[in-house]
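Going left to right, the sequence shown walks through residues 831 to 1246 as our numbering numbers them.
Positions of the beta carbon are idealized from the N, C-alpha and C atoms, including for glycine.
Contents: one structure, followed by commentary.
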Amino acid sequence: MAEQIYQQALLRLEQAAEYSKAAPETVERLKRPKRILEVSVPVRMDDGSERVFTGFRVQHDNTRGPAKGGIRYHHTVHLDEVKALAFWMSFKCACVGIPFGGGKGGVIVDPRKLSMLEIERLSRRYIREIAPIIGPDTDVPAPDVYTNARIMAWMMDEYSALAGQPTPAVITGKPVSRGGSIGRDDATARGGFYIIGELADRRGWKASEVRIAIQGFGNAGQQFAKLASGAGYRIVAVSDSSGAIHCEKGFDVDALIKSKDKSGKVTDHSEGDKIDADKLLELDVEILVPAALEGVITKDNASNIKAKTVLELANGPTTPEADEILADADTLVIPDILANAGGVTVSYFEWTQNKSSYYWNKERVHDELKTIMTREFSAVHDLKEDRGITMRTAAYTHALDRLADAHEATGTRSDF
Ligand code: NAD
């Protein structure tokens, strides 16, 4: 599976290479990560024993800026998966034009089986092991699956102790009280929401007539539902790992979030009807928002999808075969590297604030995020129209052009 994910990433690169100005040498170089580090992470457990975990840090590319990408704690972490995720980060950062490369880290561990103190010891030791290759100007980690703001604070604290000085810019996704940015909590959803706003303007949509189904009701899904319903869109279906619910007139999203907070399940909510979780993807809606897992839109269900717009807040929800089926059906798939790039964009704001020690207010974070998301969405959409390609290929081509500019600026390309 992990090997397959990496092959899928390379396939996207090859598709974009057909339309990009990138030299074949640049494309070849981007097929391989720049650096891979594997570390063993010994941790003293609460019972006095020692366990040794395996961790990775992969830097895919750092030509446009420091490698950037999260750290994942999961028992299924695999080097090929980390390589693919680092690759995607290079393309995501290039797609929205922020001056970062791509990186990713992971530790093979089931954090649910560790105590809080064990997780702290693991986090501090992992960061010490990868410290030789990270830093504010070389590689800047962030949270990912099963890591959070508190873990980032421990890691920043440990790195600062090693460096002998406070170094908040070494990591993003920190608590606001330790140098995190205001507005990071809903940044991923907000970025996608600004894209939908831009699309609505272009298509003359009336918000109350636009029905939205959201798969996944965690951070990204909930925040998106809140922003979209606040703007008058109808959130008609949501799901989580407990199942899915549907309400044609649109949910009261604040009430839905309250009941999810209380019971942990959307299916315990009193409004709407329970539906089969897989059927959520196939509902008659205008916009489908996968915001949970990868590989959920496949060749088996793509032809049943009725939404004409798919906003990929999740990473990798659509398989390449499904992409082709959706393209044939004229469905606009706004790809993950663009749709969910709001998160890394506000991480970039966090890093710049740490470097300058000047902290922004919420309005500035939102304004600058909106400028970037709408500008890059428009550039990708124009490229799609000009070349007659899908939004995904256009987003990768747009990113690859930027990566090529950076790689080839020190080379001998004749059009410089
Ligand atoms: P999260 O853990 O907060 O939420 C995930 C949600 O998906 C949960 O509600 C969970 O119950 C639900 N889920 C799990 N299995 C499901 C299933 N089979 N069917 C329906 N729902 C299911 O995670 P998140 O931070 O919201 O991230 C969601 C996706 O967005 C991931 O793919 C992540 O990589 C991507 N993403 C998130 C961010 C961010 O800033 N949070 C940034 C970029 C990309």
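Return the first residue and the last residue of the beta strand (DSSP E) that residue i is part of.
{"i": "E868", "result": "865-874"}
{"i": "R1041", "result": "1041-1045"}
{"i": "K1056", "result": "First-last for K1056: 1049-1060, but that is the alpha helix (DSSP H), not the beta strand (DSSP E)."}
{"i": "Y976", "result": "Per DSSP, Y976 belongs to no beta strand (DSSP E) and is neither H nor E."}
{"i": "K904", "result": "A quick correction: the sequence has His, not Lys, at residue 904. Residues 897-904."}
Have a look at the options and flag the residue whose alpha-carbon is nearest the alpha-carbon of residue i.
{"i": "G1173", "options": "F1054, L1123, T893", "result": "F1054"}
{"i": "A1236", "options": "G1051, I960, K851", "result": "K851"}
{"i": "E1193", "options": "A1067, P966, F1179, K1185", "result": "F1179"}
{"i": "A1229", "options": "A1030, F930, P1150", "result": "F930"}
{"i": "A1224", "options": "G1009, D1231, K1214", "result": "K1214"}
{"i": "Y1063", "options": "E1078, S1069, D1070, A1050", "result": "E1078"}
{"i": "T1220", "options": "A846, L840, G1048", "result": "A846"}
{"i": "D1015", "options": "A993, D974, P998", "result": "D974"}
{"i": "P1251", "options": "V1163, R980, S1093", "result": "Here the chain comprises residues numbered 831 to 1246, so residue 1251 is not present and cannot be evaluated."}
{"i": "G1094", "options": "E1112, V1115, K1109, S1071", "result": "S1071"}
{"i": "M831", "options": "E848, I901, V907", "result": "V907"}
{"i": "V937", "options": "E1154, Y976, A1234", "result": "Y976"}
{"i": "K1104", "options": "V1119, I1075, F1081, T1002", "result": "I1075"}
{"i": "H904", "options": "A853, G935, F917", "result": "G935"}
{"i": "Q834", "options": "D1160, G1146, T1240, L1199", "result": "G1146"}
{"i": "L1123", "options": "S953, F1047, P872", "result": "F1047"}
{"i": "E844", "options": "A853, Y836, V857", "result": "V857"}
{"i": "M1271", "options": "N978, G933, K922, A961", "result": "Outside the shown range of the chain (831 to 1246) lies residue 1271, about which nothing can therefore be said."}
Since residue i is in the alpha helix (DSSP H), which residue starts that stretch and which ends it?
{"i": "E880", "result": "E880 -> not in any alpha helix (DSSP H); beta strand (DSSP E) instead, spanning 880-891."}
{"i": "H1196", "result": "1192-1217"}
{"i": "L840", "result": "832-847"}
{"i": "L1029", "result": "1017-1033"}
{"i": "K913", "result": "909-925"}
{"i": "R1222", "result": "1221-1238"}
{"i": "L860", "result": "854-860"}
{"i": "E959", "result": "946-960"}
{"i": "G1172", "result": "1172-1186"}
Sort out for me which residues DSSP pairs residue i with in a bridge.
{"i": "D1070", "result": "G1073"}
{"i": "L1118", "result": "A1043, V1140"}
{"i": "R1064", "result": "R1041"}
{"i": "D1103", "result": "H1076"}
{"i": "R965", "result": "Here residue 965 turns out to be Gly, not Arg, going by the sequence shown. Its beta-bridge partners are D969."}
Could you check if residue i belongs to the surroundings of the ligand NAD, using beta carbon to heavy atom distance under 7 Å?
{"i": "G885", "result": "no"}
{"i": "D1106", "result": "no"}
{"i": "F917", "result": "no"}
{"i": "F1047", "result": "yes"}
{"i": "N1145", "result": "yes"}
{"i": "A1050", "result": "yes"}
{"i": "D1070", "result": "yes"}
{"i": "T968", "result": "no"}
{"i": "N978", "result": "no"}
{"i": "G1102", "result": "no"}
{"i": "L1123", "result": "yes"}
{"i": "T906", "result": "no"}
{"i": "G1022", "result": "no"}
{"i": "T1149", "result": "no"}
{"i": "T1128", "result": "no"}
{"i": "N1170", "result": "yes"}
{"i": "G1013", "result": "no"}
{"i": "T1097", "result": "no"}
{"i": "T1182", "result": "no"}
{"i": "T1018", "result": "yes"}
{"i": "G786", "result": "Residue coverage of the chain in this structure runs from 831 to 1246, which leaves residue 786 outside it and unanswerable."}
What three-state label does DSSP hand residue i in the structure shown?
{"i": "V1083", "result": "helix"}
{"i": "K934", "result": "strand"}
{"i": "T1148", "result": "strand"}
{"i": "V1126", "result": "coil"}
{"i": "V1000", "result": "helix"}
{"i": "L1162", "result": "strand"}
{"i": "K1095", "result": "coil"}
{"i": "V970", "result": "strand"}
{"i": "K851", "result": "coil"}
{"i": "I1155", "result": "helix"}
{"i": "L1110", "result": "helix"}
{"i": "Y989", "result": "helix"}
{"i": "L1036", "result": "Sequence check: residue 1036 is Lys here, not Leu. K1036 falls in the coil class under three-state DSSP."}
{"i": "V1006", "result": "helix"}
{"i": "R1014", "result": "coil"}
Less than 8 Å between CB atoms is the rule here; does residue i satisfy it with respect to chain B?
{"i": "D940", "result": "Absent from the structure: chain B. Only one protein chain is present."}
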